[in-house]
């Protein structure tokens, strides 16, 4: 396998995860041998990190990605790697009953202003349902929920609709999301490793597998389509 870069070249997130893993292993190793509840390092769950960027190089077993922050990281590819193609759709494709995920920023009036919206295929309905912090931007959130209602947003002069207002419901709560004009709206479908080519925009999850940073799931754009998050 192509040698992986020195830790200094890894994403700060991945370095942090590696340090957490190492600290956890050290703690387990120093536990008294007689303690029946001690957890072995092998049993500890692997830390997972999210990376976003552009593929610089790909082989059948590894991927080199330049992150949005400018750093470069090389990852092994899991034998069970899941690849999905993300592609754009129209704002009008969001209908009452759609199950969506939206990255957004909280507004002073209590609404959320969408950064981008993913419309889930029916097979993924219910995935990750709820509202939580998100790591795309400072203060950003992610809401996975069902669209209960869709309304137009008019401009200040009361003219043509500008964007959409979505009322979202999820177990235990609801949110009002304003989708401004130009906000990316995407969906996804099953893909394969043919999407993993230099120049492709990707968002991936990775974790250490036997001490090696390894990509386990990759969302990718085709023919230069840039993923919104």
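Numbering (the numbering used here), first residue to last: 11 to 239.
Cβ coordinates follow ideal geometry from the N, Cα and C atoms, glycine included.
For this session: Taking only runs that begin and end inside the region 156-235, name each unbroken beta strand (DSSP E) of 3 or more residues, in chain order.
Result: 171-180, 183-189, 195-200, 211-219, 222-230
Exercise. Taking the Cβ atom as the reference point for each residue, do residue 185 and residue 117 lie within a distance shorter than 7 Å?
Worked result: no
Problem set entry | Distance, residue 104 Cα to residue 237 Cα | 18 Å
Problem set entry | Opposing strand residues paired with residue 97 [DSSP bridges] | 197
Exercise. So residue 149 is in the beta strand (DSSP E); what residue range does that whole segment cover?
Worked result: Where residue 149 is concerned, there is no enclosing beta strand (DSSP E), given that its DSSP letter is neither H nor E.
For this session: In the DSSP assignment, find the unbroken beta strand (DSSP E) run with residue 109 in it and report its ends.
Result: 109-116
Exercise. Alpha carbon to alpha carbon, what distance is there between residue 93 and residue 201?
Worked result: 5 Å
Exercise. Taking the C-alpha atoms as reference points, what is the distance between residue 113 and residue 79?
Worked result: 19 Å
Exercise. If we call anything under 7 Å between Cβ atoms a contact, is residue 132 one with residue 199?
Worked result: No; because the gap between Cβ atoms is not below 7 Å, this pair is not in contact.
Exercise. Could you give the distance in angstroms between the alpha-carbon of residue 189 and the alpha-carbon of residue 135?
Worked result: 21 Å
Exercise. Residue 131: beta carbon under 6 Å from a heavy atom of the ligand ADP?
Worked result: This structure lacks the ligand ADP; in fact it carries no ligand of any kind.
For this session: With a 10 Å radius around its C-beta and 16 neighbouring C-beta atoms as the bar for buried, classify residue 1 as buried or exposed.
Result: What is shown of the chain runs 11 to 239, which leaves residue 1 out entirely.
For this session: Provide the residue(s) that pair with residue 63 in DSSP beta bridges, ordered along the chain.
Result: 77, 212
Exercise. In whole angstroms, what separates the C-alpha of residue 77 from that of residue 139?
Worked result: 28 Å
Problem set entry | Per-residue burial, residue 204 [other beta carbons within 10 Å of its own, 16 or more giving buried] | exposed
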